[in-house]
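Novice:
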Amino acid sequence: MKNINTLEIIKLSWQVTKKRFGVIIKFVGIYLLILFALQILTTILRNLHLALIGEVIGFLFNTLLSGGFIYTMIKLVREGNAEILDLFIMFEDMNLGTNYVIMSVLESIILVIAFMLLIIPGIYLSVGYIFAPYLLIDKKLSPWEALETSRKTVHKHWLQYFIFGLVIFLINAIGALFFLIGLTVTIPLSIVAFIELYERTFNGKSSISLDSF
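In the numbering used here, the protein residues as written are 145 to 357.
1) Quick check on the burial criterion: 16 or more other C-beta atoms within 10 angstroms. Buried or exposed for alanine 320?
2) I'd like the span of the alpha helix (DSSP H) that includes alanine 226, first residue to last.
3) Once you ignore the five residues that flank isoleucine 168 on each side, which residues in its own chain have a CB closer than 8 Å to its CB?
4) Just to confirm, is the Cβ distance from methionine 234 to leucine 208 under 8 Å?
5) Give a yes or no on whether the C-beta atoms belonging to alanine 258 and glycine 266 are separated by under 8 Å.
6) What's the C-alpha gap between isoleucine 268 and phenylalanine 313?
7) Taking its Cβ as the centre, do 16 or more other Cβ atoms sit within 10 Å of alanine 290, making it buried, or is it exposed?
8) Inspect the beta-carbon positions of leucine 204 and alanine 195 and report whether they are closer than 8 Å.
9) Look up glycine 348 in the DSSP assignment and say whether it is helix, strand or coil.
10) Report the rounded CA-to-CA distance for asparagine 225 versus leucine 262, giving the unit in angstroms.
11) Could you compute how far the alpha carbon of aspartate 282 sits from the alpha carbon of isoleucine 274?
12) Inspect the beta-carbon positions of serine 294 and leucine 310 and report whether they are closer than 8 Å.
13) Beta carbon of tyrosine 305, beta carbon of isoleucine 154: below 8 Å?
14) Could you tell me if the beta carbon of glycine 212 falls within a distance shorter than 7 Å of some heavy atom in the ligand COA?
15) Label leucine 151 either buried or exposed according to how many other C-beta atoms from any shown protein chain fall within 10 Å of its C-beta, with 16 as the threshold for buried.
16) Is the distance from the Cβ of valine 298 to the Cβ of valine 271 below 8 Å?
17) Alpha carbons only, please: which of Lys300, Asn191, Gln183 is nearest the one belonging to threonine 345?
18) Is lysine 300 helix, strand or coil by DSSP?
19) What does the alpha-carbon distance come out to for the pair isoleucine 228 and valine 249?
20) Can you give me the C-alpha to C-alpha distance between asparagine 347 and glutamate 251, rounded to a whole angstrom?
21) Tell me where the alpha helix (DSSP H) around tyrosine 273 begins and ends.
22) From the DSSP output, in three-state form, read off isoleucine 218 for me.
23) What would DSSP say about serine 356, mapped onto helix, strand or coil?
See the structure below:
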């Protein structure tokens, strides 16, 4: 993709968000409830002096669920429907789940080192790695391949991707001004917009058919 038409993507994503708002917000809500339950579990383990076990369990489950959430959202945007069990795909497909955890750890380590050295490399890589989770889940790339494929692709038009991310951030910042009501709209919009950006970048076309709207 030579140019990123941020306004066009957001406009199209808004149409999808309005059309599928109910189902998107349902999955977002379920995802957040599960994370909340995990937080309670880790707190209990911490109070039982099992903090390390709690942190490990919390990290693994949070990471695997985040991957499952991305998988579910991709499926929802492409096909218009998804199942609750899709959120747990990483637990079902242990090879995929393992690779996703490895990729998340690698990315975290690299970003921490980059930000410790200089702020600019950290910002560069933070933007460069935005598609890594999608590539690992959707294209079944290895952890390192997903990170490097994302970085090399974004590098060609890094500033455009940065601006896109900045616009999405500002949209959510505005949503936060209206507390939960605003975020319940801007978060689903952001999710759809990033998936649409991914599709255009790596599949060369929109995943959304305007004929259905």
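Every residue gets a Cβ at the ideal spot worked out from N, C-alpha and C, and that includes glycine.
Specialist: Concretely, from the data shown:
1) exposed
2) Taken as a continuous stretch (DSSP letters only), alanine 226 belongs to no alpha helix (DSSP H), as it is neither H nor E.
3) Thr161, Met217, Leu220, Pro332, Ile335, Val336
4) yes
5) yes
6) With the sequence shown as reference, residue 268 is identified as tyrosine, and isoleucine is not the correct amino acid for it. Taking the straight line joining both Cα atoms gives about 16 Å.
7) buried
8) no
9) coil
10) 43 Å
11) Roughly 14 Å between the two C-alpha positions.
12) Not in contact: serine 294 and leucine 310 (Cβ atoms no closer than 8 Å).
13) no
14) Inclusion of the ligand COA in the displayed structure is not the case, the ligand content being empty and no account of it being possible.
15) exposed
16) yes
17) Lys300
18) coil
19) 26 Å
20) 24 Å
21) First-last for tyrosine 273: undefined, no H or E at that position.
22) helix
23) Summary for serine 356: the model assigns pLDDT 44, below 50, so the residue's position carries little reliability, and this model does not support an answer.
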